[in-house]
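The structure appears right after this line, and notes come after that.
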Amino acid sequence: MEVNWNKTNVMVFRNGGRLKKTERWFASNRQVEVASQYKYLGTIIRSTGKWTAATQRLSVQAKKAAQILKSRMANAQFRVTYKNAIHVFDSKVASIANYAAEVWGMEEAPEMEVVQTKFLKWLLKLPNSTPNAAVRGEFGRETMCNRRKRRTLELWGKALGGQGLFRDAYDAAVKLDKRGAASWATPVRKLLFETGFGYVWESQDAQLWATNKRHVLQRLSDIEQQNWHSTLNSSPRLRFLATIKSSLKPEAYLNAQCDPRWKEALARLRCAAHNLSIQKGRENDTHRELKICQICKQGIEDEPHLLFWCDESANVS
């Protein structure tokens with residue numbers, strides 16, 4: 001067998017700093033070059049154990065895929081439903097953004113969230129300044145991070161019942177975690193304890209995981225729901241949406257058989273992406289009592305006023 005020395009490297013995992021002079025590797029009397037990162041099956045692995053380079057590369061690829069998808073949808077000779085658009089996004093874009101997520105999925109990777117929220121805003125023709133929690137709520141979409149956590153836990157369950165090198169690699173990660181060194185097992189352990197299933201981790205039992213798997217994944221969904229609703233309640237801009245929407249589920253109007261422009265207008269009103277005085281006043285730092293309705297000149301011009309109290313709004317085209 002002939003070795004391709006141009007593609008032969010050694011990578012030393014460490015927190016950083018230079019290698020010792022004695023840390024040199026040879027093969028066939030030739031010194032092998034030490035690399036700081038290596039791309040394996042499309043995923044960039046760095047010697048520091050950080051996944052920043054991998055997630056940044058994937059986010060760039062996902063953004064390109066999203067742009068291609070939007071271009072094709074815009075040029076299509078028929079109207080693509082929101083449901084079908086989301087399905088295509090998941091298969092063509094999210095699959096790229098979350099590639100190999102079982103390995104690095106516990107990373108926050110906010111750049112991946114941008115890919116999803118920008119696409120959702122584009123679908124409803126909402127401005128980029130629209131709150132992310134609002135547009136995710138309209139489509140009932142959980143964060144990309146939460147989806148990756150599910151996939152990581154799925155792999156952890158397989159590792160518990162794994163054999164051979166797969167199991168050996170997992171056991172090594174657990175040993176590192178027990179010694180206080182960060183490994184792939186560390187965020188899995190933390191997540192299970194944070195969700196109240198630390199005893200499942202302590203047991204390291206595949207059968208116990210199988211019994212509790214559904215409950216763990218449901219807990220992740222519950223936490224996602226609570227965090228999303230907490231964001232709505234803590235945002236003055238989303239006060240109206242928080243009063244009319246309580247669950248992270250797709251809104252029925254998205255599937256209504258009507259002119260898409262009506263759906264887009266309703267989305268702008270619900271997501272506080274409008275030009276009512278209540279919103280313009282926030283941007284101009286105007287006191288709430290001065291955000292008077294520009295139509296009837298009575299009362300604060302907010303969403304409830306426009307819908308229920310303004311007698312003149314029905315005459316506005």
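Residue numbers for the sequence shown, in this note's numbering: 1 to 317.
Backbone N, C-alpha and C fix where the C-beta goes; we use that ideal spot for every residue, glycine too.
Here the structure is a predicted model, which is why all the values come from computation and not from measurement.
The secondary-structure analysis by DSSP pairs E33 across a beta bridge with N9.
Between K297 and I278, the gap from beta carbon to beta carbon reaches 8 Å or more. Excluding residues up to 5 positions away in sequence, L217 and L220 lie with their Cβ nearer than 8 Å to the Cβ of R150 in the same chain. Comparing alpha-carbon positions, the option among F197, Q204, G157 and T195 lying closest to K175 turns out to be Q204. In this chain, T211 is not harboured by any beta strand (DSSP E); it is covered by the alpha helix (DSSP H) spanning A206 to S234. Scanning the stretch 240-277 for uninterrupted alpha helix (DSSP H) segments of 4 residues or longer gives 260-270, listed from N- to C-terminal end.
Taking C-beta separations shorter than 6 Å and ignoring five residues to either side along the sequence, the partners of W25 in its chain run V10 and V32, following chain order. R46 and Y40 have their alpha carbons spaced roughly 11 Å apart. With a minimum length of 4 residues, the unbroken runs of alpha helix (DSSP H) contained wholly in the stretch 128-185 fall at 132-139, 144-160 and 164-178.
Taking all protein chains in view, the Cβ of I96 is crowded by 16 or more other Cβ atoms within 10 Å, so the residue is classified as buried. Taking the CA atoms as reference points, R148 sits about 36 Å from R282. By the neighbour-count definition (other C-beta atoms within 10 Å, threshold 16), R141 is a buried residue. Per DSSP, the unbroken beta strand (DSSP E) holding W25 starts and ends at W25 to A27. In this structure, the alpha-carbon of I223 lies about 10 Å from that of N146. Three or more Cβ pairs drawn from the stretch 126-133 and the stretch 262-274 lie within less than 8 Å of each other, which places the two stretches in contact.
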